[in-house]
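J.:
There are 2 protein chains.
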Amino acid sequence: MVTIKDVAKHVGVSVATVSRVLNETGYVHEDTRRMVEKAIQELNYTPNEVARSLYKRKSKLIGLLLPDITNPYFPQLARGVEDRMQESGFRLIFGNSDESEQKERDYIQTFVQNNAVGIISSTNFPGMEAYRRLNIPVVFLDRISSDRPAVYADGREGGRIAAQQIIKRGSRRIAVLQGPAHIRPAQDRFQGAVEVLQDTGVAYEVIRTASFALTEAEEKAKELFAAFPETDGVIASNDMAAIAVLHEALRLGKKVPEDVQIIGFDDIPLIGLLSPPLSTIRQPAYDMGYKAAELMIRLIEGQPVEQQNIQMPVEFVERGSTRKIPEKRRE
Amino acid sequence: MVTIKDVAKHVGVSVATVSRVLNETGYVHEDTRRMVEKAIQELNYTPNEVARSLYKRKSKLIGLLLPDITNPYFPQLARGVEDRMQESGFRLIFGNSDESEQKERDYIQTFVQNNAVGIISSTNFPGMEAYRRLNIPVVFLDRISSDRPAVYADGREGGRIAAQQIIKRGSRRIAVLQGPAHIRPAQDRFQGAVEVLQDTGVAYEVIRTASFALTEAEEKAKELFAAFPETDGVIASNDMAAIAVLHEALRLGKKVPEDVQIIGFDDIPLIGLLSPPLSTIRQPAYDMGYKAAELMIRLIEGQPVEQQNIQMPVEFVERGSTRKIPEKRRE
DNA sequence: CTCGAATGAGTAACCGGTTACACATAAAAT
DNA sequence: ATTTTATGTGTAACCGGTTACTCATTCGAG
Chain A
222 MVTIKDVAKH VGVSVATVSR VLNETGYVHE DTRRMVEKAI QELNYTPNEV ARSLYKRKSK
282 LIGLLLPDIT NPYFPQLARG VEDRMQESGF RLIFGNSDES EQKERDYIQT FVQNNAVGII
342 SSTNFPGMEA YRRLNIPVVF LDRISSDRPA VYADGREGGR IAAQQIIKRG SRRIAVLQGP
402 AHIRPAQDRF QGAVEVLQDT GVAYEVIRTA SFALTEAEEK AKELFAAFPE TDGVIASNDM
462 AAIAVLHEAL RLGKKVPEDV QIIGFDDIPL IGLLSPPLST IRQPAYDMGY KAAELMIRLI
522 EGQPVEQQNI QMPVEFVERG STRKIPEKRR E
Chain B
222 MVTIKDVAKH VGVSVATVSR VLNETGYVHE DTRRMVEKAI QELNYTPNEV ARSLYKRKSK
282 LIGLLLPDIT NPYFPQLARG VEDRMQESGF RLIFGNSDES EQKERDYIQT FVQNNAVGII
342 SSTNFPGMEA YRRLNIPVVF LDRISSDRPA VYADGREGGR IAAQQIIKRG SRRIAVLQGP
402 AHIRPAQDRF QGAVEVLQDT GVAYEVIRTA SFALTEAEEK AKELFAAFPE TDGVIASNDM
462 AAIAVLHEAL RLGKKVPEDV QIIGFDDIPL IGLLSPPLST IRQPAYDMGY KAAELMIRLI
522 EGQPVEQQNI QMPVEFVERG STRKIPEKRR E
């Protein structure tokens, strides 16, 4: 490995001078600078980030914690984060938490041990001690916390829109999947939907789910139609759940959207290619990741942050799992 | 930040002793050990990996380079890698290369700068100088290189199976998507298919593609049916391409699988839910990631590696984009 | 009882950078 | 001509660990 000493020796200057060239700090004579740069080229030297990080007590590493990259929603978040971080020269240490508190703790610890300068997390445990103890910025992504910066979609509005649309399109006995109780955005969606349902007086049932796992969603879908066979509209907690519901409905011989309308949440890739293609409430996942990274960079660099909490807009994506509205006027 | 010095002071011993306790090296009196451990607990001390890494010239970090995590195939690879790495206490620095040589180079450089002990890469440029220069192990994942360890699926056999199946199920004018020319597994699939096609004397056409990007796949799908409208079977280079072909076929009013059969490659999530659900050649993506990580760990730890190249089996997954075989006997 | 081996623990060098400080020289100000 | 100030560069401490080396004490074997 070629070190700063090798470069210094090669040019015949001290390491301090090389360091100055590297960091463009202090005074360096133009001729010296050129010679050093030439040597760096020739020796193919790149400074060791570890040594740098040790002295400065900070690295160019950011911890990114997502529940499960295998779930099609999260890669988009990750990609948004990465693209923004990459622009500013930060790198990601990445981990899947599997919604496990222990795994989260472990990852947070190693982030700290590696002098990470920030953590972006779609945690399931925003109140966790491990987060409170940190003295590096934390941005919650697709999550909400009262005391931490966060980037998330407007779940309540999403829920409201879902309910409005499904009612407008004719469903009258609606089932609402509640989603994990401890995840705020999921609850917001649920509440938004319930609000509208109550206001309009449409009959609805609630199905609780504990996680976003597909297997659980499949069970709940079965339960749903077993307990409430008359259901003619389902507002799912996310697209994966919606897929499970869709599958179960078709398995039972129901027609979608004629017998049952289904609205998902997220707009994950490929759901537009299902049959019927799923109508959903779209979250701008990539943009959310990007914004979270942007917010993080501001926090790291100590720049003023106008808003700690960034709420992103959602929109209804009309596809085939909801009925068409004949009238010209659509909301 | 609490350091080893704080712990040492707290107990009244030297840092060397604390280090010995930490690493279970050298002689430490039982009583001393207990006191140190107690102090570590009380002060909530965790050793700084950066300092450790600097002295040892190696970290617990592994670089993982994938083309695009947003492509549904790659998260499974990533997950397999992560799960295995996590078991042995390694962490991942993750990057998307976007099939860009420059990005790959940049990432490789930062991996090295951070004392990463290994790189797992689904590179598009296996012969690249940047890889050759490395003095840490590199494992290619879903890629093949003559001079590097690699984990990949048996593309040739996959191609053969795809061709056999599509012929057996009645297609007689077959289009084969070739996939990126510089990616060996893609070429292997292609060649496997062509082999069978030639051996059996079935008519076929070749459509070249340069990347795995969905947009390109869509164009090629259009070209395919424009140039060869008689096509009654398509062997796609991967599932995303198959989806594009499926879409285009349906758009043209063709019936799948009655008019055109389609076979993909990979078996990415959700394609079993399309309509018709896609038949495909399944690669064990998760297992491939897992194995690659395993291989990497062996290389890092200097354990004997029986085989540098691990070829994983593929299997035909029969779904709705291929016709059923009436006979009892199926291969 | 003597001596080598085993045990226990501290000192200080080292990893590869950054930077405070010192020092020398040149340029500008008085 | 003298004092400031700006420029250019080197020395060495420091970041937080690990470990080679040293030294002291205890233990067991002969």
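Top line first, the protein sequences correspond to chains A and B. Using my numbering, the first residue of the first sequence is number 222, and each one after it goes up by one. Using my numbering, the first residue of the second sequence is number 222, and each one after it goes up by one. We put the CB at the ideal spot given by N, CA and C, even for glycine. As the structure is a prediction and not an experimental result, all values here were calculated from the model.
#1: Can you tell me which of B/P534, B/V423 and B/S496 puts its alpha carbon nearest to the alpha carbon of B/R540?
#2: Find the nearest neighbour of A/A462 within the set A/V417, A/P401 and A/A447, judged by alpha-carbon distance.
#3: Of all Cβ atoms in chain A, is any one closer than 9 Å to the Cβ of B/Y328?
#4: Under a three-way DSSP split, which group does A/E552 fall into?
#5: For B/H403 and B/D409, I'd like the C-alpha separation in whole angstroms.
#6: Since A/A554 and A/L287 should fall inside the 8 Å C-beta cutoff, what is the C-beta to C-beta distance between them, to a whole number of angstroms?
#7: Is the beta carbon of B/D508 sitting closer than 9 Å to the one on B/G301?
#8: Quick one: is A/L398 near chain B, going by C-beta distance under 9 Å?
#9: What separation, rounded to the nearest whole angstrom, lies between the Cα atoms of B/P406 and B/T501?
#10: Assuming A/V455 and A/V427 are in contact, meaning their beta carbons sit under 8 Å apart, how far apart are those beta carbons, in whole angstroms?
#11: Listing by chain order, which chain B residues have their CB less than 9 Å from the CB of A/L491?
#12: Please classify A/T436 as buried or exposed, where buried requires at least 16 other C-beta atoms within 10 Å of its C-beta.
#13: Using beta carbons (cut-off 9 Å, strictly below), is B/L264 in contact with chain A?
#14: Identify every residue that forms a DSSP beta bridge with A/I387.
#15: Name the chain A residues whose beta carbon is nearer than 7 Å to that of B/N244?
#16: Nearest chain A C-beta to B/T543 closer than 9 Å, yes or no?
#17: Which two residues bound the contiguous beta strand (DSSP E) that contains A/Y373?
#18: Just by C-beta distance, which residues in the segment 309-322 of chain A are closer than 9 Å to chain B?
#19: Shortest alpha-carbon distance to B/K441 belongs to which of B/N336, B/A374 and B/E469?
#20: Taking 8 Å as the cut-off, does the segment 336-348 of chain B touch the segment 359-366 of chain B (at least 3 CB pairs, one atom from each stretch)?
#21: Which chain B residues sit within Cβ distance under 8 Å of A/N269?
#22: Indicate whether at least one CB of chain A lies closer than 9 Å to the CB of B/L282.
#23: Counting along the chain, where does the alpha helix (DSSP H) carrying B/R326 start and finish?
#24: Can you name, in chain order, every residue of its own chain whose Cβ lies under 7 Å from the Cβ of B/D319, other than the five neighbours on each side?
#25: How would you write the range of the alpha helix (DSSP H) that B/Y294 sits in, first residue to last?
#26: What residues in the segment 378-392 of chain B bring their beta carbon closer than 9 Å to a beta carbon of chain A?
#27: Under 7 Å Cβ to Cβ from A/S392, same chain only, skipping five residues before and after it: list those, please.
#28: B/P296 versus chain A: which residues are under 7 Å apart at the beta carbon?
#29: DSSP three-state call for B/V236: helix, strand or coil?
#30: So which of A/M533, A/L494 and A/L355 has the shortest CA-CA distance to A/T331?
#31: What are the boundary residues of the beta strand (DSSP E) that B/M533 is part of?
#32: Distance check for B/N317 and B/M256, CA to CA, integer angstroms please.
#33: Could you tell me which of B/V535, B/Y511 and B/A424 sits nearest to B/E308, measuring between CA atoms?
#34: With respect to the beta strand (DSSP E) encompassing A/I290, which residues constitute its N-terminal and C-terminal limits?
#35: Is the separation between the beta-carbon of B/T291 and that of A/Q297 shorter than 9 Å?
#36: Between A/L285 and chain B, is there a C-beta pair that is closer than 9 Å?
T.: Looking at the atomic coordinates:
#1: Of the listed residues, the one whose Cα sits closest to B/R540 is B/S496.
#2: It is A/P401.
#3: At least one CB of chain A lies nearer than 9 Å to the CB of B/Y328.
#4: Per-residue confidence for A/E552 stands at a pLDDT of 48, beneath the threshold of 50, marking its modelled position as unreliable; the derived number appears in the next sentence. Here A/E552 sits in coil by DSSP.
#5: Roughly 11 Å separates the two Cα atoms.
#6: Past the boundaries of the shown model lies residue 554 of chain A; chain A is included only from 222 to 552, so the question cannot be answered.
#7: Going by C-beta atoms, B/D508 is nearer than 9 Å to B/G301.
#8: Output row for A/L398: interface = no.
#9: Their Cα atoms are separated by approximately 16 Å.
#10: About 12 Å separates the two Cβ atoms, so there is no contact after all.
#11: The answer, in chain order, is P293, I464, I489, P490, L491, I492, L494 and L495.
#12: Residue environment analysis places A/T436 among the exposed positions, since fewer than 16 neighbouring C-beta atoms fall within 10 angstroms of its C-beta.
#13: It does not; no Cβ of chain A falls within 9 Å.
#14: In the DSSP output, where bridge partners are listed per residue, A/I387 has none listed.
#15: Within chain A, not a single residue places a beta-carbon under 7 Å from that of B/N244; the smallest gap is close to 15 Å.
#16: Taking Cβ atoms only, chain A never reaches closer than 9 Å to B/T543, which makes this a no.
#17: Element bounds for A/Y373: A371 to A374.
#18: Listed by position, the residues of the segment 309-322 of chain A near chain B (Cβ gap below 9 Å) are G310, R312, L313, I314, F315, G316 and N317.
#19: It is B/E469.
#20: Proximity of the segment 359-366 of chain B to the segment 336-348 of chain B meets the contact definition, three or more beta-carbon pairs being nearer than 8 Å.
#21: Chain B residues near A/N269: L275, Q334 and N336.
#22: With 9 Å as the cut-off, B/L282 counts as an interface residue toward chain A.
#23: For B/R326, the enclosing alpha helix (DSSP H) stretches over residues E322 to Q334.
#24: Excluding residues within five positions, the ones whose Cβ falls inside 7 Å are P288 and D289.
#25: Counting along the chain, B/Y294 falls outside any alpha helix (DSSP H), and DSSP gives it neither H nor E.
#26: Result list empty, no residue passes.
#27: Non-local beta-carbon contacts of A/S392 in its own chain, meaning distances under 7 Å to residues more than five positions away in sequence, involve D453, G454 and Q482 in chain order.
#28: Those within 7 Å of B/P296 in chain A are I290, T291 and P296.
#29: Annotated three-state conformation of B/V236 is helix, per DSSP.
#30: Taking only the C-alpha atoms, the option nearest A/T331 is A/L355.
#31: First-last of the beta strand (DSSP E) with B/M533: N530 to M533.
#32: If you take the alpha carbons of B/M256 and B/N317, they lie about 46 Å apart.
#33: When each option's Cα is compared against that of B/E308, the closest is B/Y511.
#34: Element bounds for A/I290: n/a, residue is neither H nor E.
#35: Cβ distance < 9 Å, so B/T291 and A/Q297 count as in contact.
#36: True, the Cβ-Cβ gap to chain B drops below 9 Å.
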